[in-house]
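Residue numbers (my numbering): 1263 to 1372. C-beta atoms are modelled at their ideal positions from N, C-alpha and C, and glycine is treated no differently. The structure displayed is predicted, hence computed values, not measured ones. The structure under discussion appears below in the form of structure tokens.
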């Protein structure tokens, strides 16, 4: 009777092996689920980034406000008859900003 019990226990363990450690076992399924969750999170981040970029592209194509804003902040451009003022705090170095051209000096009239 003891031999039969040991034989059945061994067969039970043999049957359980593929369920836990085999090709489609529970451990591998858990690992794949974790990988899928990571991929879903990354896709959600990329979708948000793409939506932001799409919105920016549409704004650049349709409106002039975004183009003007980029020109002001990234290229330090100013409109005609506009004055550029930069306030520098203590301990900060003044950034080199393009200066408006000085009017040419005229010779004295005779």
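Would you grab the beta carbon distance between residue i and residue j for me? Rounded to a whole angstrom, and I think it's under 8 Å.
i	j	result
residue 1313	residue 1322	In fact, because the Cβ distance is near 15 Å, the residues do not count as touching under 8 Å.
residue 1287	residue 1280	6 Å
residue 1282	residue 1289	6 Å
With DSSP collapsed to three states, give me the class of residue i.
i	result
residue 1291	helix
residue 1344	coil
residue 1278	helix
residue 1350	coil
residue 1317	helix
residue 1304	helix
Spatial neighbours of residue i within its chain, please: C-beta separation below 6 Å, excluding the five flanking residues on both sides.
i	result
residue 1302	none
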